[in-house]
Every structure is written in C-alpha cells, then in structure tokens.
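Using UniProt numbering, the letters of the sequence shown correspond one by one to residues 1 to 302.
All residues carry an ideal CB built from backbone N, CA and C; glycine is no exception.
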Amino acid sequence: MNLQFIVDGLLTGSMIGLGAIGVTLTYSILRFSNFAHGDFMAWGTYATLAVVSAIGAIFGKVAPIGPLSFGWPLIVAVIIAMGFTGLLALALDKVLFSRLRSKGQSIIVVMASFGASMALRSLLEFLFTSRPTYFSRAIQIAMPVGLGIRITPDQIVLLIVTALLVLGVHLLITKTQTGRSMQALSQNPALARVVGIDVAKVVRVTWLIGGGLACVAGVMIGILVQIRPLMGFDMLLPMFAAAILGGIGSVPGAVLGGLIIGLAEAGAVQLIGAEWRAAVSFIILMAVLFIRPIGLFGVKER
1 MNLQFIVDGL LTGSMIGLGA IGVTLTYSIL RFSNFAHGDF MAWGTYATLA VVSAIGAIFG
61 KVAPIGPLSF GWPLIVAVII AMGFTGLLAL ALDKVLFSRL RSKGQSIIVV MASFGASMAL
121 RSLLEFLFTS RPTYFSRAIQ IAMPVGLGIR ITPDQIVLLI VTALLVLGVH LLITKTQTGR
181 SMQALSQNPA LARVVGIDVA KVVRVTWLIG GGLACVAGVM IGILVQIRPL MGFDMLLPMF
241 AAAILGGIGS VPGAVLGGLI IGLAEAGAVQ LIGAEWRAAV SFIILMAVLF IRPIGLFGVK
301 ER
C-alpha cells in the first residue's frame, strides 16, 4: 500500500478541521447548525483572490517566496480576507440569524442558513462566474521524505499554519477570559447570563473566529486544488461529520475528527476508488451517531 495517502489525508483533514472548528463553536454556543458555513470558505477565498489581484495591479508581478508557489501578496491578502470573512459572518448573524434566534425556534434558523447558503453561493457565481480559477499555476516538485511519501513546500507550510492556528484557538479558549466565557455559555447558557457574561461579545467572537478559520481553510483548498463557488459546499458534510465525531464544542475534537475523516477519505480513494470518497464522511457520521452520539470528546448534557 502506498503511504502517500497519509500526506494527502493530513492535508484534507487540516482543511476539514479548520472549517469544523467554526461549525462546532457555532452549534455549541448558538445552538443551531449553520449550513452557510461552507460558503464562508468560498467567500474568504475569493476575497483573498481579489486582494491578491489588487496588489498585483498596484505593484506588478511579485516573485514567490523561496520554493513556495506564492509570495507576500497572498499572505497579506489572507489576513485581510480573514477579517472580511469574519465580518461577513457577523453581518449575516446580525441581519438574519439573531432575529430568528430571538423567536426561540432553532429549526427556523437552520432553514434560514440553508437559504443564506444558496444566496451567498449564487451571488458568488454572479460576481466571479462558476469557472474554476487558481492562485498560481506554478508546478511544484514534490520532495521525497521516505517510505514512498512525497510532499511539496506548499504542503509543508500549510500543515504548519494549520497547527499554529489550532494552537492559537485552543489557547484563546482555555487561557483567556473571553474563552472561558465561551465555555460557560456553551455549557450552561442560562447560568452564564445570570452571572453577567457578555453574551453579545461571546457571539461576536464566535462568528469572527469561525469566519476567519473558514477563510484560511478555503485558501488552503485554493492553493492545493482550485477555487470555485462550490468549494465550500462540497466540504460541508465532512465538516459536520468532523464536528460530530470530535464532540460538539471541542476544538481539539473538531481537528482530530477532521484528520480522521481526511485520512479515511484518502485511504478510501487508494483502496476502493475515488467515487467512494464522498461516501466516507457520511458513513463515519452515521457510525458515530449510532455508536457514540456525543463524539470522542463530547460531554453528555445534564
């Protein structure tokens, strides 16, 4: 068996895991499944592409950084696009979700997220067309690292960036007052309000984190594969499966769930064919719901 699937699985799992963090935080704190989350990935990626194009128009063609396929404009663009995507998520909540949450019917919010997803995706296709595009068409030479495994410089950097972002979010949630407020609101919303936690602030931070990480996950897909309006929608089932597998509300669980699903998908492609890749997430999701509904790191509600 070719062990190359390990690298492919880790990369896919990193993208899924970053997206799943937003899914799990949204559900644990706001108590609804946001089916528009995948579209935040696509919007963040296209925002990054737009900023890169604007920088290119101002400064001209910029050489890549060392062996990478991209230069400093992409790094600057990602930072700007993370803020934009976080604000987009926040605006969508302000305009739509928060008003529906106040009615106390979570199913209405879920259905609204379906509608928002379709609207965001259609608008993206209207603005940029459905034709795939790329950050760079440069061809990278994969370096052998042993055991038949090869990896490109871009892939190494993206794995490192993923690890740093996950560590940063974990520290934010476990070591800061805002993070502790997020945990309190997740575990007992009524008590959190009684003790004076600023719920509005926690909600804002949740959307900003989820939107920003979705942007990075989308850019990773754009660098390694391609950019298209449906890119986030295609990741929706794997992200939800990862969030449920890891346990709702658990950031490490979401990342671990993403890695497990990524490795399972890559292994399935190698063993039984690419046509089964999409089915892997669904199979894992159903298995978890039957065997351990609370996930790997989930806690039973009292």
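- Minimum Cα-Cα distance from G38 among the listed residues V51, M15, L49 corresponds to M15.
- In the DSSP annotation of this structure, the continuous segment of the alpha helix (DSSP H) that includes I209 starts and ends at 199–224.
- In this structure, L68 and T133 do not form a Cβ contact; the two beta carbons are roughly 19 Å apart against a cut-off of 8 Å.
- Rounded to whole angstroms, the separation of the alpha carbons of T176 and M286 is 35 Å.
- Less than 9 Å divides the Cβ of G295 from the Cβ of G257.
- According to the DSSP assignment, I151 belongs to the beta strand (DSSP E) that extends over 149–151.
- When C-alpha distances from F35 are compared across G247, A268, A54, M235, the shortest belongs to M235.
- Within the same chain, T152 come within 8 Å of I141 by CB-CB distance, once the 5 residues on both sides are set aside.
- Note on geometry: alpha-carbon atoms of T24 and P64 lie some 35 Å from one another.
- For M143, DSSP records a beta bridge to I151.
- Look at T26 here: in three-state DSSP terms it is helix.
- DSSP lists T133 as the beta-bridge partner residues of I227.
- No beta strand (DSSP E) of 3 residues or more sits fully in the stretch 69–113.
- With fewer than 16 other CB atoms across the displayed protein chains lying within 10 angstroms of its CB, S122 is exposed.
- A266 is positioned such that its CB atom lies no closer than 9 Å to that of A279.
- G17 is the residue among L245, G9, G17, V7 whose C-alpha sits nearest the C-alpha of L165.
- CA-CA distance, Q4 to L159, rounds to 15 Å.
- Residues of the same chain with a CB within less than 8 Å of the CB of A57, apart from the 5 flanking positions on each side, do not exist.
- With respect to the 9 Å criterion, G246 and A47 are not classified as neighbours on the basis of their beta carbons.
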